[in-house]
Amino acid sequence: MSAVDVTADATGTTGTDAAALALVSLASMTPARLDALLRAWPDPRDAVAAVLDRDRAVTDVIRARSPATGAPEMAALVDRWSETVDVAAAERTIARRRTQVVLATDAHYPIRDDVPRRPAVLLAEGTTLDAFCGPRVAIVGTRAATLQGLDDARQLGRALADAGCSIVSGMAIGIDAAAHEGALEAGGVPIGVVATGLDVVYPRRHRALFDRVRAAGLLVGESAFGTKPEPTRFPVRNRIIAALADVVVVVEATVKGGARITAERALEYDRPLFAMPGSRRNPAAAGCNALLADGAHPLLDPSDVLLALGMTEGSRRGWAPRPSVHVSVDAQACVRACGGEPATADQLAARTGLDPAALARALAECQRAGLLTQSRGFLWPV
Amino acid sequence: MLASVRSATLLGVDGQLVAVEIHVSNGLPAYNVVGLPDAAGRESRERVRAALLSSGLEWPMRRITVNLAPGGFRKTGSGLELAVATGVLLAVGELPQGCLDGIGVLGELGLDGSVRPVPGTLALVHALRREGYGRVVVPAANAREAALVAGVDVLPVRTLPELRACLKSELSWPSPDDVAPRRGSGAGPPAGTDSDAEALDLVDVRGLKEVRLALEIAAAGGHHLLLVGPPGVGKTMVARRVVTILPDLLPEEALDVTRIHSVVGEVPDGVLMTRPPFRAPHHTASSAAIVGGGSVRPRPGEITLAHCGTLFMDELGEFAPAVLDAMRQPLEERVVRISRQSSTLAFPADFLLIACSNPCPCGRAVTECTCDPGRLARYRRRLSAPLLDRFELRMSVARPDADEQPGDPSAVVAARVARAVARQRARYDGLPWRRNAAVPAGRLRDFAPLDRVASEVWREIVRRRQLTGRGAVTVRKVARTIADLAGVDDIDPSHLLLAESLRQDTP
Numbered sequence: 003m004s005a006v007d008v009t010a011d012a013t014g015t016t017g018t019d020a021a022a023l024a025l026v027s028l029a030s031m032t033p034a035r036l037d038a039l040l041r042a043w044p045d046p047r048d049a050v051a052a053v054l055d056r057d058r059a060v061t062d063v064i065r066a067r068s069p070a071t072g073a074p075e076m077a078a079l080v081d082r083w084s085e086t087v088d089v090a091a092a093e094r095t096i097a098r099r100r101t102q103v104v105l106a107t108d109a110h111y112p113i114r115d116d117v118p119r120r121p122a123v124l125l126a127e128g129t130t131l132d133a134f135c136g137p138r139v140a141i142v143g144t145r146a147a148t149l150q151g152l153d154d155a156r157q158l159g160r161a162l163a164d165a166g167c168s169i170v171s172g173m174a175i176g177i178d179a180a181a182h183e184g185a186l187e188a189g190g191v192p193i194g195v196v197a198t199g200l201d202v203v204y205p206r207r208h209r210a211l212f213d214r215v216r217a218a219g220l221l222v223g224e225s226a227f228g229t230k231p232e233p234t235r236f237p238v239r240n241r242i243i244a245a246l247a248d249v250v251v252v253v254e255a256t257v258k259g260g261a262r263i264t265a266e267r268a269l270e271y272d273r274p275l276f277a278m279p280g281s282r283r284n285p286a287a288a289g290c291n292a293l294l295a296d297g298a299h300p301l302l303d304p305s306d307v308l309l310a311l312g313m314t315e316g317s318r319r320g321w322a323p324r325p326s327v328h329v330s331v332d333a334q335a336c337v338r339a340c341g342g343e344p345a346t347a348d349q350l351a352a353r354t355g356l357d358p359a360a361l362a363r364a365l366a367e368c369q370r371a372g373l374l375t376q377s378r379g380f381l382w383p384v
Numbered sequence: 003m004l005a006s007v008r009s010a011t012l013l014g015v016d017g018q019l020v021a022v023e024i025h026v027s028n029g030l031p032a033y034n035v036v037g038l039p040d041a042a043g044r045e046s047r048e049r050v051r052a053a054l055l056s057s058g059l060e061w062p063m064r065r066i067t068v069n070l071a072p073g074g075f076r077k078t079g080s081g082l083e084l085a086v087a088t089g090v091l092l093a094v095g096e097l098p099q100g101c102l103d104g105i106g107v108l109g110e111l112g113l114d115g116s117v118r119p120v121p122g123t124l125a126l127v128h129a130l131r132r133e134g135y136g137r138v139v140v141p142a143a144n145a146r147e148a149a150l151v152a153g154v155d156v157l158p159v160r161t162l163p164e165l166r167a168c169l170k171s172e173l174s175w176p177s178p179d180d181v182a183p184r185r186g187s188g189a190g191p192p193a194g195t196d197s198d199a200e201a202l203d204l205v206d207v208r209g210l211k212e213v214r215l216a217l218e219i220a221a222a223g224g225h226h227l228l229l230v231g232p233p234g235v236g237k238t239m240v241a242r243r244v245v246t247i248l249p250d251l252l253p254e255e256a257l258d259v260t261r262i263h264s265v266v267g268e269v270p271d272g273v274l275m276t277r278p279p280f281r282a283p284h285h286t287a288s289s290a291a292i293v294g295g296g297s298v299r300p301r302p303g304e305i306t307l308a309h310c311g312t313l314f315m316d317e318l319g320e321f322a323p324a325v326l327d328a329m330r331q332p333l334e335e336r337v338v339r340i341s342r343q344s345s346t347l348a349f350p351a352d353f354l355l356i357a358c359s360n361p362c363p364c365g366r367a368v369t370e371c372t373c374d375p376g377r378l379a380r381y382r383r384r385l386s387a388p389l390l391d392r393f394e395l396r397m398s399v400a401r402p403d404a405d406e407q408p409g410d411p412s413a414v415v416a417a418r419v420a421r422a423v424a425r426q427r428a429r430y431d432g433l434p435w436r437r438n439a440a441v442p443a444g445r446l447r448d449f450a451p452l453d454r455v456a457s458e459v460w461r462e463i464v465r466r467r468q469l470t471g472r473g474a475v476t477v478r479k480v481a482r483t484i485a486d487l488a489g490v491d492d493i494d495p496s497h498l499l500l501a502e503s504l505r506q507d508t509p
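One line per chain: the protein sequences are Z and F, in this order. Residues 3 to 384 in the working numbering are what the first sequence spells out, letter by letter. Residues 3 to 509 in the working numbering are what the second sequence spells out, letter by letter.
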């Protein structure tokens, strides 16, 4: 008896989910159109029925959102939708991929309703939706990050995940990936928000990272399966990152870049915004410094974020402790000569006045002690 | 009615003895060349005939067959024409039998009977000498070049009638100096060196202490050097000054180098190239231009012209990937093998490679780069890891701080390099290599031994830097050179660490 009930219940939910996914999967479906449809017909099944009926109301509801498009075109679009909407296929996809469909009307929908233009339907894959519980921190930044930026993002992800925050980011190369890695290292919950379909791995070199995020947290998106990476989708995706997060941290960002868009959305949605200060010489820090000039909170320590979340921890978490090793005077001089910024051996030779052999000895010592790393022809302070 | 004249033709950068056999018989007048002549060889009929007639000699209206032996390979160029003409004269009795015994004949003919120079004279004379022809008739214009070959009696001629007269002992052979007077000091700089090499000096370079050191080590040990940095920081400026610190060529090297350049016609009249060549091909160069090639007559490429000298590749990343990949084998073997349907040629290619590259498409310093990661990744892929691994010295070049001082002038550096090179020449005396860079990995134990402390440091470097096998060997060879520059026999840990610091992980 109860088994039958559960089945019926499950079928009911799946029916809603499948209808929602079927709507998402329609050609030329945009977040705005989907939102309009589901506001008019809060149950996706009703919306599907309306589309199948070629209800004139469908055309009207959609045109209200994009008045520039003429009525005949819109009617033709709805006609096409009515021919292609396929709930059964959506149902099969959900069963196969175990995709979780979250409607804005659901109780466990993770985005507060004060966010304008929040997605009407979120698709998620990975562990359970419990991953949305608890504080969420977005860590975003440029793809062209420096070694130090990557290390900061990783440490930040690790420290905040360790404190119990989910780490939201965009799965991109650079800061995004480093933040996810940090969360994974701490055994925390990464939430990767993608601009493509959930079945598309972009960038492709992150295939392993996608698998690990699925296993430990969630991949979230609003686009239909099979949606390819298109440049226009990334800024749209960034609003979800900002909306999902309770606090947004920008680690390294160029002046014009996706991270700046996420930061603007965060301000629009009234999320606390942190930016990590950087050197004026570092173009990857210019965006952060500009945000600071505009009034973002400077992030000097991971615990600053916890404070903003109201998570009063007894101890400051801090960055990974610097290796406190005893090194020679020459090695110390090399670290000082870097001044916290990458330098070539040539520059260090000139600044320290060491002869090449002594410099080579000192640099090897610094690398052994973990004070400097050698990469791309530069020595980077750790 | 049979005559045979010894001459030689080019096979790659080497001379190859050719016996020109002439048979004149009764029958319908005809002229046939057999024995794989190229187009120029087949055209020889018109030139030989016109030259004979212009010289007041008779063209036999009989059946003439010219055979170029051995028949196995294609004879190229027109350098056999004088031999053909002489053979015809010999066959019809215009010349006494036996007058050409022990004499080789080289030269191209003009329609007026003049004898014109042939490319690669040095290689050709060398081949004749090797085969036992100690007297060689050469075009007067090539006399001084031919005289560079030791133990050869050079018989220069200006015209066909002059040759005939000399062979008939009606005239005495002119001396090389008569026909091609030694030019005075106005001869210009030797080919292959920068025309303004005199004006270059390392003292012009401000700062870049480590880069200059890397250049010195590269020059001393023959280690390939890659300089990576944004435009305008002085990469090219430093690299071009390598010519000012390389020692003079050894006599046999000088002969090799001159021979190679003579083949492509780049040696000014008979000057022995004693300075190491410096070649700087443009990045649009084709694979054949760089490594050598060509179907009918394979020509040496830039890497062979840089033999015993420097090949400078500016904007390494802009060279076609196929070109860079084709260079990998010669970089390893110091010889390039060109295989064609008819033959396989080996061109020497033992050169010092110095290359410059921008770190990324935007050209800014690594720390200031704003390149899109995808574009950057594509740019970096152009320089394949196997190629980068072959650079023993890899330096990142950054803009020097403002107040940096120039270092030692070229003369001082050159003296240090010469000392290190002399040490290597003595150490590798009788072995098939001369520089530390060329020591086979298996012989490092003999020539670059490490004591217990040094070998621990070496292993630590290999571990820490995760070096490949080649990388590990390289660090040891460079350390050997650093020790040689310091004038010491034993490699100590600081040499290894310095070698390591000059082999950076470039972008």
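Quick reminder that beta carbons are idealized off the backbone N, C-alpha and C, glycines included. Just so you know, these numbers come straight off a predicted model, no measurement behind them.
Top-ranked residue by Cα proximity to residue i, from the options
| i | options | result |
| --- | --- | --- |
| D203(F) | Q506(F), V245(F), A308(F), L354(F) | V245(F) |
| R324(Z) | G128(Z), E85(Z), D154(Z), R262(Z) | D154(Z) |
| V22(F) | V15(F), L91(F), W61(F) | L91(F) |
| P408(F) | L395(F), V140(F), V205(F) | V205(F) |
| S288(F) | A328(F), S9(F), T470(F) | A328(F) |
| R421(F) | P249(F), L38(F), A439(F), M3(F) | P249(F) |
| S305(Z) | W43(Z), L220(Z), L39(Z), G159(Z) | G159(Z) |
Residue i at chain F interface by Cβ criterion, 9 angstroms
| i | result |
| --- | --- |
| R145(Z) | yes |
| E232(Z) | no |
| G172(Z) | no |
| D348(Z) | yes |
| P237(Z) | no |
| G342(Z) | no |
| G194(Z) | no |
| I141(Z) | no |
Cβ of residue i within 9 angstroms of any chain Z Cβ
| i | result |
| --- | --- |
| V414(F) | no |
| K211(F) | yes |
| I463(F) | yes |
| M397(F) | yes |
| A400(F) | yes |
| R467(F) | yes |
| V368(F) | yes |
| L215(F) | yes |
Pair within 9 angstroms by beta-carbon distance, residue i and residue j
| i | j | result |
| --- | --- | --- |
| T315(F) | A351(F) | One point to set straight first is that residue 315(F) is Met, not Thr, in the sequence displayed. Cβ distance not < 9 angstroms, so M315(F) and A351(F) don't count as in contact. |
| S80(F) | A125(F) | no |
| R207(Z) | I177(Z) | no |
| R478(F) | A501(F) | yes |
| T312(F) | F353(F) | yes |
| R301(F) | V266(F) | yes |
| P237(Z) | G260(Z) | yes |
Buried versus exposed, by CB contacts within 10 Å (16 or more), residue i
| i | result |
| --- | --- |
| P279(F) | buried |
| D116(Z) | exposed |
| D103(F) | exposed |
| V327(Z) | exposed |
| S174(F) | exposed |
| R277(F) | buried |
| C167(Z) | buried |
| S197(F) | Low per-residue confidence applies at S197(F): pLDDT is 47, beneath 50, and the placement is therefore not dependable, though the value from the model is reported in the following sentence. So S197(F) counts as exposed. |
Near the ligand GTP: residue i beta-carbon under 8 angstroms from a heavy atom
| i | result |
| --- | --- |
| R338(Z) | Ligands displayed in this structure: none; no statement on the ligand GTP is therefore possible. |
Supposed close pair residue i, residue j - CB separation, criterion 8 angstroms
| i | j | result |
| --- | --- | --- |
| D391(F) | G473(F) | 7 angstroms |
| E212(F) | A347(Z) | 5 angstroms |
| G218(F) | R429(F) | The amino acid occupying residue 218(F) in the given sequence is Glu; Gly does not appear at that position. No, E218(F) and R429(F) are not in contact; Cβ-Cβ is about 19 angstroms, not under 8 angstroms. |
| S330(Z) | E367(Z) | 6 angstroms |
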